[in-house]
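K.L.:
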Amino acid sequence: MQLVLFIVIVTFTPLSCEVQSESIPVIVGEMNKLPEDCKEKLIQEMKDQCSGHIFQPTLVEVNDCTFTCGDWHDNGLTRAKSRHTINLKDGTPCGYSKMCVGGECVQTCSRDYVKISG
Numbered sequence: 209m210q211l212v213l214f215i216v217i218v219t220f221t222p223l224s225c226e227v228q229s230e231s232i233p234v235i236v237g238e239m240n241k242l243p244e245d246c247k248e249k250l251i252q253e254m255k256d257q258c259s260g261h262i263f264q265p266t267l268v269e270v271n272d273c274t275f276t277c278g279d280w281h282d283n284g285l286t287r288a289k290s291r292h293t294i295n296l297k298d299g300t301p302c303g304y305s306k307m308c309v310g311g312e313c314v315q316t317c318s319r320d321y322v323k324i325s326g
């Protein structure tokens with residue numbers, strides 16, 4: 209009887225000591241080239257945006273000018289993964305001398321700044 213009790217205690221002890229860690233999003237592409245403080249600010253804004261969504265509250269991935277919010281559900285009976293992707297606002301920095309335009313990361317100099325009337 210003592211052996212069975214010992215096995216049960218040893219089996220469940222790691223489960224009770226498990227610590228929930230904050231998920232770290234995967235950062236892909238030019239976004240990695242941003243200065244650290246700028247990148248951290250952008251990631252925090254993306255996390256805030258995701259946390260406002262009831263079904264996809266976690267920032268999962270950052271890819272140049274898009275970010276993906278998602279969630280993993282596992283209630284023991286069913287498992288599901290849900291996600292949605294959002295474009296960053298035009299003008300958002302996405303790399304060295306680059307910014308987002310229409311969901312794409314483009315060189316800053318390739319954007320038209322002066323309106324030419326003709």
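The numbering of the sequence shown is my numbering, which starts it at 209 and goes up by one. Every residue gets a Cβ at the ideal spot worked out from N, C-alpha and C, and that includes glycine. Quick caveat: nothing in here was measured; it's all calculated off a predicted structure.
1. Any idea which residues DSSP pairs E269 with across the strands?
2. Under a Cβ-count criterion, where at least 16 other Cβ atoms within 10 Å of its own Cβ denotes burial, should D282 be classed as buried or exposed?
3. Rank V314, H292, Y304, S305 by C-alpha distance to the C-alpha of V270 and give the top, closest one.
4. For D279, collect the residues of the same chain with a Cβ closer than 8 Å to its Cβ; drop the 5 residues on either side in sequence, then sort them by chain order.
5. Please look up how many angstroms separate the CB atoms of T300 and C273, rounded, as I've assumed it's under 8 Å.
6. Skipping 5 residues on each side, what residues in its chain have a beta carbon closer than 7 Å to that of K306?
7. Which class does S290 belong to by DSSP, given the choice of helix, strand or coil?
8. What number of angstroms, rounded off, separates the C-alpha of L296 from the C-alpha of E253?
9. Alpha carbons only, please: which of Y304, G310, D298, V309 is nearest the one belonging to L242?
10. Among C277, V234, C246, which residue has its Cα nearest to the Cα of H261?
11. On the CB-based measure, 16 or more other CB atoms within 10 Å of its CB, does L250 come out buried or exposed?
12. Which two residues bound the contiguous beta strand (DSSP E) that contains Q257?
P.N.:
Here's the rundown:
1. BP columns for E269 point to V234, T276.
2. With fewer than 16 Cβ atoms within 10 Å of its Cβ, D282 is classed as exposed.
3. Ranking the options by Cα distance to V270, first place goes to H292.
4. Hits under 8 Å: F263, Q264, P265, T266, K289, S290, R291.
5. Yes, T300 and C273 are in contact; Cβ-Cβ is about 7 Å, under 8 Å.
6. The answer, listed in chain order, is E238, C313, V314, Q315, T316.
7. It is a strand residue.
8. Looking at the two C-alpha atoms, the distance is approximately 11 Å.
9. Among Y304, G310, D298, V309, the Cα nearest to that of L242 belongs to Y304.
10. Nearest Cα to H261 within the set C277, V234, C246: C277.
11. Buried.
12. For Q257, there is no enclosing beta strand (DSSP E); the residue is found in the alpha helix (DSSP H) stretching over 244-259.
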